[in-house]
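What follows is a set of notes on a single structure, which appears directly below.
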Amino acid sequence: MKKGMQVLRAWAARGVHWVGIAGAIGMSGAAGAGDYDGSPQVAEFVSEMTRDYGFAGEQLMGLFHDVERKQSILDAISRPAERVKTWKEYRPIFVTDARISRGVDFWNQNAEALARAEQEYGVPAQYIVSIIGVETFFGRNTGNFKVMDALSTLGFDYPPRADFFRKELKQFLLLAREQQVDPLSLTGSYAGAMGLPQFMPSSFRAYAVDFDGDGHINIWSDPTDAIGSVANYFKQHGWHTGEPVVSQAEIGTSTAEGALTQGLEPQMNLGQLRSQGWRTHDVIRDDLMVTAMRLEGAQGTEYWVGLPNFYVITRYNRSAMYAMAVHQLAGEIAKARGVH
Numbered sequence: 012m013k014k015g016m017q018v019l020r021a022w023a024a025r026g027v028h029w030v031g032i033a034g035a036i037g038m039s040g041a042a043g044a045g046d047y048d049g050s051p052q053v054a055e056f057v058s059e060m061t062r063d064y065g066f067a068g069e070q071l072m073g074l075f076h077d078v079e080r081k082q083s084i085l086d087a088i089s090r091p092a093e094r095v096k097t098w099k100e101y102r103p104i105f106v107t108d109a110r111i112s113r114g115v116d117f118w119n120q121n122a123e124a125l126a127r128a129e130q131e132y133g134v135p136a137q138y139i140v141s142i143i144g145v146e147t148f149f150g151r152n153t154g155n156f157k158v159m160d161a162l163s164t165l166g167f168d169y170p171p172r173a174d175f176f177r178k179e180l181k182q183f184l185l186l187a188r189e190q191q192v193d194p195l196s197l198t199g200s201y202a203g204a205m206g207l208p209q210f211m212p213s214s215f216r217a218y219a220v221d222f223d224g225d226g227h228i229n230i231w232s233d234p235t236d237a238i239g240s241v242a243n244y245f246k247q248h249g250w251h252t253g254e255p256v257v258s259q260a261e262i263g264t265s266t267a268e269g270a271l272t273q274g275l276e277p278q279m280n281l282g283q284l285r286s287q288g289w290r291t292h293d294v295i296r297d298d299l300m301v302t303a304m305r306l307e308g309a310q311g312t313e314y315w316v317g318l319p320n321f322y323v324i325t326r327y328n329r330s331a332m333y334a335m336a337v338h339q340l341a342g343e344i345a346k347a348r349g350v351h
């Protein structure tokens, strides 16, 4: 049995019914970290969870006694790669021979689930595979931080985004109650992202699916559930089945750069972009809403036109370079597997 399901089923077998945090949590309080003992912020948070969601306050406080404040998490949150790397530097991190080869293996090992996801959700298999490859190298790097530690550290000790992470902490505790899983047992990234697809708790509750039909949602060690969940995420964010993602482009004059999109959301249609001197390498409908981009690549400046499906990928991670890496890795994996 897979490790993630062992954890979940073992917890359910203990007879824990989540009216509040299970009584079994917090019983080892004397051995806990105690980093948040006496914290007014935690007391306020527990009060909200008790009032709004029916958690048992004393038991929830016992849970927080075992939570650790992690300085390494606070250090890590301040240096995401997208802030400092150019496309020339960023692309080779993700579009590699090793990741392409492992992507083909992952596809072969999960061909039935990927074909079914493509049929049910309309998302090409290579993009599902690529997301999992970029996020965790197909499950190799899912993160070793306790999600409770990560979300508590950032929710209570990282003021720039405390509100966001506190909301995710709420979603995580609700997730744990719904799935009947020990919240202290689940691991993820320093930001609290979980499993093969690195879903935040709010995304898990909104988009994760039991794609293998075994009665549990397990994105930690069940590739089938992870595959279905990624496909559902894309579908719910507006994936257009059968449409392209991006097209390389050329510009007629330097003034055409005035059409470069500020932000990620499409702000004009392709016809309007063409009228400003942009020419795409592919034949695309003029009515599609697009994003005009310039990237500094290995061979110099590159111009790209992102289509609606490109914007969908940026909803997974709000970075044009991330979406481009997903797109190009998807293409390389498909080519290596003989899919056109």
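Counting from 12, one number per residue, gives the positions in the sequence shown under the working numbering. Built from N, CA and C at the ideal position, the CB exists for glycine as well.
Contacting residues, own chain, Cβ-Cβ under 6 Å from residue i (five flanking each side not counted)
{"i": "Ala-204", "result": "Met-211"}
{"i": "Leu-306", "result": "Trp-98, Glu-313"}
{"i": "Ala-345", "result": "Gln-137"}
{"i": "Gly-114", "result": "Val-140, Gly-144, Ile-344"}
Beta-carbon gap between residue i and residue j smaller than 8 Å
{"i": "Phe-156", "j": "Ser-89", "result": "no"}
{"i": "Val-350", "j": "Phe-245", "result": "no"}
{"i": "Val-285", "j": "Asp-297", "result": "Note that residue 285 is Arg in the sequence shown here, rather than Val. The answer is yes: Cβ separation under 8 Å."}
{"i": "Met-159", "j": "Leu-195", "result": "yes"}
{"i": "Gln-182", "j": "Arg-151", "result": "no"}
{"i": "Val-301", "j": "Asn-320", "result": "no"}
{"i": "Ala-128", "j": "Ile-230", "result": "no"}
Contact set for residue i: own chain, Cβ-Cβ below 7 Å, skip 5 residues either direction
{"i": "Asp-293", "result": "Pro-255, Ser-258"}
{"i": "Ile-142", "result": "Pro-208, Val-241, Tyr-327, Val-337"}
{"i": "Ile-228", "result": "Gln-190, Ala-219, Val-220, Asp-221, Asp-236"}
{"i": "Gly-166", "result": "Ala-173, Phe-176, Arg-177, Leu-180"}
{"i": "Leu-85", "result": "Thr-164, Asp-168, Tyr-169"}
{"i": "Val-323", "result": "Phe-245, His-248, Gly-249, Trp-250"}
Member of the options whose CA lies at the smallest distance from the CA of residue i
{"i": "Tyr-169", "options": "His-351, Ala-87, Ala-217", "result": "Ala-87"}
{"i": "Arg-102", "options": "Leu-184, Met-335, Pro-194", "result": "Met-335"}
{"i": "Ser-214", "options": "Asp-233, Pro-234, Ser-232, Gln-247", "result": "Gln-247"}
{"i": "Gly-342", "options": "Lys-81, Gln-52, Asp-108", "result": "Asp-108"}
{"i": "Gln-273", "options": "Arg-329, Ile-230, Arg-110, Ala-309", "result": "Arg-329"}
{"i": "Ala-303", "options": "Val-316, Gly-311, Gly-206, Ile-295", "result": "Val-316"}
{"i": "Leu-271", "options": "Gly-226, Gly-311, Ala-331, Ala-128", "result": "Ala-331"}
{"i": "Glu-69", "options": "Leu-275, Gln-278, Val-57, Ala-128", "result": "Val-57"}
{"i": "Gln-310", "options": "Met-60, Glu-100, Phe-75", "result": "Glu-100"}
{"i": "Lys-96", "options": "Tyr-333, Ala-347, Arg-290", "result": "Tyr-333"}
Residues that DSSP places opposite residue i in a beta bridge
{"i": "Thr-291", "result": "Ala-260"}
{"i": "Lys-157", "result": "Thr-198"}
{"i": "Asn-280", "result": "Met-300"}
Three-way DSSP call (helix, strand, coil) for residue i in this model
{"i": "Ala-204", "result": "coil"}
{"i": "Tyr-47", "result": "coil"}
{"i": "Tyr-314", "result": "strand"}
{"i": "Arg-305", "result": "strand"}
{"i": "Phe-321", "result": "helix"}
{"i": "Ser-39", "result": "The predicted position of Ser-39 is uncertain, since its pLDDT is 38 and thus under 50; a value taken from the coordinates is nonetheless stated next. The answer is coil: DSSP assigns Ser-39 none of H, G, I, E or B."}
{"i": "Phe-210", "result": "strand"}
{"i": "His-229", "result": "In the sequence on display, residue 229 carries Asn and not His. If DSSP states are grouped into helix, strand and coil, Asn-229 belongs with coil."}
{"i": "Glu-79", "result": "coil"}
{"i": "Tyr-169", "result": "coil"}
{"i": "Asp-108", "result": "helix"}
{"i": "Thr-97", "result": "coil"}
{"i": "Met-16", "result": "With a pLDDT of 45 at Met-16, under the threshold of 50, the predicted position of this residue should be treated as unreliable, though the coordinate-derived value follows. It is helical."}
{"i": "Ala-128", "result": "helix"}
{"i": "Thr-252", "result": "coil"}
{"i": "Ala-24", "result": "Note that Ala-24 scores 39 on pLDDT, short of 50, meaning its location in the model is unreliable and no value can be drawn from it."}
{"i": "Gly-34", "result": "At Gly-34, the pLDDT of 41 sits below 50, so the modelled position is not reliable; the number obtained from the coordinates is stated separately. Residue state, collapsed to three classes: coil."}
{"i": "Asp-116", "result": "helix"}
{"i": "Ser-89", "result": "coil"}
Beta-carbon contacts of residue i that lie in its chain and below 8 Å, excluding the five residues immediately before and after
{"i": "Thr-252", "result": "Gly-133, Val-134"}
{"i": "Ala-126", "result": "Ala-136"}
{"i": "Glu-268", "result": "Ile-262, Arg-305"}
{"i": "Phe-117", "result": "Val-140, Ile-143, Gly-144, Phe-149, Pro-234"}
{"i": "Thr-264", "result": "Gly-288"}
{"i": "Asn-243", "result": "Tyr-132, Tyr-218, Ala-219, Val-220"}
{"i": "Arg-130", "result": "For the sequence presented, residue 130 should be read as Gln rather than Arg. Nothing listed; no residue qualifies."}
Closer than 7 Å: residue i CB and nearest the ligand MG heavy atom
{"i": "Ile-262", "result": "Questions concerning the ligand MG fall outside what the structure shown contains, since it holds no ligand whatsoever."}
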